[in-house]
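Engineer: Residue numbers (my numbering): 283 to 583.
In this text, a Cβ means the ideal position worked out from N, Cα and C, and glycines have one as well.
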Amino acid sequence: MLPAYIPSPSQGVWNLGPVPIRAYAFLIIIGIVVAIWWSSKRYVARGGAVGTISSIAIWAVPFGIVGGRLYHVISDWQLYFGPDGRGLAAALRIWDGGLGIWGAVAMGALGAWIGARRLGVPLPPIADAVAPGIAIAQAIGRWGNYFNQELYGAPTTLPWGLEISPVNQPHNLDGSLVYPPGTVFQPTFLYESLWLIGVALVLVWADRRFRIGHARLFGLYIFLYCCGRLWIEMLRIDQANIIFGLRLNVWTALIVGLAALAYFIVMGQRRPGRETPEEVRGETANDEVAPEEEPAEPVSE
């Protein structure tokens, strides 16, 4: 009995009249919509105002997309500006694939900070509210790599190996395939998608069990994602910059993950628990009007 390999997708673009519908972009949009919807419900449950997450997303989403693309282009600059690079036009074609999560989170956080400042609400409760939603958005978006047939892992004999069309497989300088026909590869997109779903479930459980606040849940999300990204990154065979024998994204996951773990531990000692609903909305004691004191009775002598 032949192994039930994961088939290569027949296409990644569908034409709706003159408008091309690209699976990669469509899945990213679906992920963003799901993340905003779920994050909004979580933020309101923490005491936040309805519509806050949607208003902040207007800033965070564009910043995140630009940041994700910038990280990808900078970390893999040879693909676009090397001797045989694809050029500036290709660097701008986001729909062809290539969004670095590290840049997306960093720039997305900057956009969220701007949005939160404009609304006058603190950022940490927002970060904790959106953490599971971001994980799910990533899990959905990773299927875009499947349709683009990119970022797969090393050859495998596992039953769930991923078939890749010859045009998207590695080639030698003479144009021949690096691996023999019929080779199947590790479906790293699937591994990461499943890992992220697990991360989202752990975050929801931990938040309910321990009432985590002050952006510690977001730190836990970063740490858990980095743990998965470390071993998944080691399976990949796409071109990457190597530093001291390891892929750049391995070093990034290691450094960012340790920093997130340190934040989670230190902040847990300094500010355990979760913000009050008033703190979530940015209200302070100074915002409350103190009752007018009655004049003291005169003292009889």
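(1) Please classify residue 467: does DSSP put it in a helix, a strand, or coil?
(2) DSSP has residue 438 in a bridge; who is on the other side?
(3) Which residues does DSSP pair with residue 303 in a beta bridge?
(4) Can you give the Cα-Cα distance for residue 486 and residue 396, rounded to whole angstroms?
(5) How far does the alpha helix (DSSP H) with residue 561 in it reach, from first residue to last?
(6) Along the chain, which unbroken stretches of the alpha helix (DSSP H) at least 4 residues long are found entirely within the stretch 340-420?
(7) Which of the three DSSP states is assigned to residue 444 in this structure?
(8) Residues bridged to residue 529 by DSSP?
(9) How many Å lie between residue 525 and residue 434 at the Cα?
(10) In whole angstroms, what is the alpha-carbon distance linking residue 441 and residue 287?
(11) Would you give the residue range spanned by the alpha helix (DSSP H) that residue 502 belongs to?
(12) Cα-Cα, which of 344, 404 and 400 is closest to residue 381?
Structural biologist: The answer reads as follows:
(1) Reading the sequence shown from its first residue, position 185 is the one you call residue 467. Residue 467 falls in the strand class under three-state DSSP.
(2) Counting from one through the sequence shown, the residue named residue 438 turns up at place 156. Residue 438 is bridged to 466.
(3) Position 21 of the sequence shown, counting from 1, holds the residue named residue 303. Paired residues: 296.
(4) Within the sequence shown, residue 486 is the residue found at index 204, counting from 1. Within the sequence shown, residue 396 is the residue found at index 114, counting from 1. Our two residues, residue 486 and residue 396, have alpha carbons roughly 26 Å apart in a direct line.
(5) The residue you call residue 561 lines up with position 279 of the sequence shown. In the DSSP assignment, residue 561 falls within the unbroken alpha helix (DSSP H) covering 559-562.
(6) List check, alpha helix (DSSP H) in window: 360-363, 370-374 and 383-401.
(7) In the sequence shown, residue 444 corresponds to position 162, counting from 1. DSSP places residue 444 in strand when its eight states are reduced to three.
(8) In the sequence shown, residue 529 corresponds to position 247, counting from 1. 524.
(9) Looking up residue 525 in the sequence shown gives position 243. Looking up residue 434 in the sequence shown gives position 152. In this model, residue 525 and residue 434 are separated by some 21 Å (Cα to Cα).
(10) Stepping through the sequence shown from its first residue, residue 441 is reached at position 159. Stepping through the sequence shown from its first residue, residue 287 is reached at position 5. About 6 Å.
(11) Position 220 of the sequence shown, counted from the start, is the residue given in the question as residue 502. 498-515 is the span of the alpha helix (DSSP H), which, as asked, contains residue 502.
(12) Here residue 381 corresponds to residue number 99 of the sequence shown, with the count starting at 1. Of the listed residues, the one whose Cα sits closest to residue 381 is 344.
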